Amino acid sequence: MVGVKKHSGATDSNRMQSKMKAALSKMLGVADPGRKVRFSSKIVSTSKDPQVKDHPNEDLVVNIVYRVDLAYPLTSYVFASEPKRLGILWLKANARMPIERPLLN
């Protein structure tokens, strides 16, 4: 995933956030997931490239929490997240993706 607008430029976090939200809406098939999905992302610096001066390596860490309403009485209590009486299961997923930065000057 390319996270810069120009070669050797700084990583644009707004660009990365909008790309991930667009991918999420394609996966779910709705333009605005609303109250069923919580989405957050942040850019984490991992290391400096020893071969190229001033070229940091970065990862995009994405966290998604998806709400699943459980319908059947016994299974809704057994599989539900706390508080169990609500019958809601929160599925949580974390993904770490490298951000590509072209080296051309």
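Take numbering that gives the first Met the number 0: the final residue in the sequence shown is number 104, and no numbers are missing along the way.
We put the CB at the ideal spot given by N, CA and C, even for glycine.
Quick caveat: nothing in here was measured; it's all calculated off a predicted structure.
query	result
Validate contact between the stretch 87 to 94 and the stretch 59 to 71 using beta carbons, cut 8 Å, 3 pairs	yes
Three or more C-beta pairs below 8 Å linking the stretch 13 to 24 and the stretch 43 to 54	no
Neighbourhood of Lys91 by C-beta distance below 6 Å, restricted to the same chain and skipping five residues each side	Val64
Buried or exposed by the 16-neighbour rule on C-beta atoms within 10 Å, applied to Val77	exposed
Buried versus exposed call for Pro73 [16 or more other C-beta atoms within 10 Å across all chains shown]	Correcting the residue identity first, residue 73 is Leu in this sequence and not Pro. Classification for Leu73: exposed.
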